[in-house]
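Notes for the one structure printed next.
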Amino acid sequence: MTRLSPSRLAPLVALILLGAAGSLPAAAAKLEPFDQFAEKAAGDW
Amino acid sequence: MVKRNPLQATGVQYFSGAEQSALDRQLVATDGVGLPLDPEKRGATLKLLDSILDQLAQYRAQDLTPTQRVSAASMEFLLKDARAAADYADTQFIFDQFRGMQVGLVNGLSQTHPIRNAQDIDNYLERLKQVGGIIDQGIAAAEIQEKKGLLPPKFIIQATLDGLDRFLKDAPAQNVLVVSLAARAEKLPVVPPDRDKSLALAQEIVATSVQPAFQRIKIMLTRQLAKATDDAGLWRLPKGDAAYRLRLHSNTTTDLTPRPDPRPGSKASRQDRSRDGSDPQAAGPC
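These protein sequence lines are chains A and B, in that order. Residue 0 is where the first sequence starts when you use numbering that gives the first Met the number 0, and the numbers rise one by one after that. Residue 0 is where the second sequence starts when you use numbering that gives the first Met the number 0, and the numbers rise one by one after that.
In structure tokens:
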């Protein structure tokens, strides 16, 4: 089994952390401000 | 709640410019709960409704201001109510004397549609051309209801027929859809160059398209009158009980049921106890 040295592991950990950190704000970022959503919904419906 | 109902969009003038003007030229045939009769449009409308509800559910109450929370709660109530009403569309009839399709079209054009300039007149004429087709969609839907055994009560049909007679009694030049346009066009500060031509066209559309369509409603309702009864209770219709409960909820925003309120102090409760003599308040003044 190949063992990753700390120097090779660091970018992988950074990538995982970045992915985890990135996924949550991404979901939140998709949510437009409520007033904007409500105004658009009122018009569309 | 605007785009799905172009006449409502005209009434509130929610948009502006070309977007509003495009809506001001449209009419949509809707059923008794306000959903499009056209199956494709109906499906798209319900899909849109579900999509808005899904998006709304993503907002957490704690992230909203008090005003936004009220707004979100109102939206949720109205949209869920509209979603639920879709299942009971057949408990509402297409034509009646109060809120029937034919009443909505005439009132919408003669009262709601604004006449402020030449573009409004052009939009009016475009809508007038669509009335016959919209009515025919309504007749087709009412005939489908009839095949399911769903007919309005006799007195509703008679009152609707009386209204149709009033609409049809005048010659096209005196019809409300022409008179209303003429009266409002007359008051414009700048007389549109084609005003007289527009009025002549309105008269022609009423004579050749609108009045014949109203005659077709009359023919259908006259036939239905012979089969209808005076039984008006919603409970006589399939899903009638559930439709009644939904309307109770829609109109009161409560979960009250059609049964008398059994809570202590309620009117029904006092009436029950007055009958068995256990309510001193029901004894009346000494």
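Idealized CB from N, CA, C, for every residue including glycine. Just so we're clear, the structure is a prediction, and the values are computed from it rather than from any experiment.
query	result
Nearest-angstrom Cβ-Cβ length linking B:R215 and B:I134, presumed shorter than 8 Å	7 Å
Within 7 Å, strictly: CB atoms of B:L78 and B:L52	yes
Within-7 Å CB hit, B:I51 to chain A	yes
Boundaries (first-last residue) of the alpha helix (DSSP H) holding B:L180	V175 to E185
Between the CA atoms of A:P32 and A:G42 - distance to the nearest angstrom	16 Å
Interface flag, B:Y123 vs chain A, CB-CB below 7 Å	no
First and last residue of the uninterrupted alpha helix (DSSP H) at B:D49	P38 to A56
Terminal residues of the alpha helix (DSSP H) in which B:S109 lies	First-last for B:S109: undefined, no H or E at that position.
B:E145 - containing alpha helix (DSSP H), residue span	A117 to K146
B:S70 at chain A interface by Cβ criterion, 7 Å	yes
Option nearest B:Q110 by Cα separation, candidates B:A182, B:E75 and B:I138	B:A182
Which of helix, strand or coil DSSP assigns to B:T221	helix
Proximity to B:K226 [Cα-Cα], best of B:G42, B:N106 and B:I155	B:I155
Contact check, B:Q223 vs B:L149, beta carbons under 7 Å	no
Of the residues B:A88, B:L127 and B:G137, the one placed nearest B:S197, counting alpha carbons only	B:L127
Cross-chain neighbours of B:L198 in chain A, by beta carbon under 7 Å	The contacting residues do not exist; B:L198 stays about 33 Å from chain A at best.
Spatial distance of B:A56 from B:L255 (CA atoms)	25 Å
Within the segment 63-94 of chain B, ranges of the alpha helix (DSSP H) (whole runs, at least 4 residues)	65-84
Contact list for B:L45 against chain A, beta-carbon separation under 8 Å	Neighbours of B:L45 on chain A: none; closest Cβ ~11 Å, over 8 Å.
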